[in-house]
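In this note's numbering, the protein residues as written are 82 to 267.
In this text, a Cβ means the ideal position worked out from N, Cα and C, and glycines have one as well.
Here the structure is a predicted model, which means the values were calculated and not measured.
Here the structure is laid out as structure tokens; the discussion comes afterwards.
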């Protein structure tokens, strides 16, 4: 006003973020996966990308059906691997829910493993035996192996979690606690 002070003062104070916290969308973290699963996911990503790139370098083919099928599957595996890794590494994991993400991840990994293995077999049967085709096939088999290892690991972990859950024993001390609430006691 007259003394140079602003007419309106700030009514809110910006919240101070803790020094260890950063925006989750800008940082990829291994907290939701663990270091070994994160490394396995990155390996799946890299191997499927290398299979796709080696397949794209193939200049000519005599029987192209296997090549095109392998191209589609390896590219799909690469792109879906990116999406799954992004879900695990961002706040989408918390928004979607751990159980839903893990269930979806399991079925995605199983499907990608099966299709990549099938595509690698078909491509190895129909290729022209060039070095780039052979490299693509090898990376395809390695990628499908990484997907299979991940699926087995998730399956075994799921079975182990089910075994560790204690079963609720019936309450024999006070049997009225086991009765439904809406039924009158006789």
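Going straight from the alpha carbon of residue i to that of residue j, what length do you get?
i, j, result
"residue 146", "residue 188", "26 Å"
"residue 202", "residue 148", "11 Å"
"residue 165", "residue 184", "12 Å"
"residue 121", "residue 216", "21 Å"
"residue 177", "residue 168", "9 Å"
"residue 191", "residue 119", "17 Å"
"residue 170", "residue 160", "15 Å"
"residue 231", "residue 131", "19 Å"
"residue 223", "residue 125", "9 Å"
"residue 88", "residue 175", "43 Å"
Once DSSP output is grouped into helix, strand and coil, what is the label at residue i?
i, result
"residue 149", "helix"
"residue 186", "helix"
"residue 140", "coil"
"residue 172", "coil"
Pick out whichever of the options has its Cα sitting closest to the Cα of residue i.
i, options, result
"residue 114", "210, 182, 135, 224", "182"
"residue 200", "84, 156, 125", "156"
"residue 128", "240, 221, 237, 137", "221"
"residue 229", "158, 91, 152", "158"
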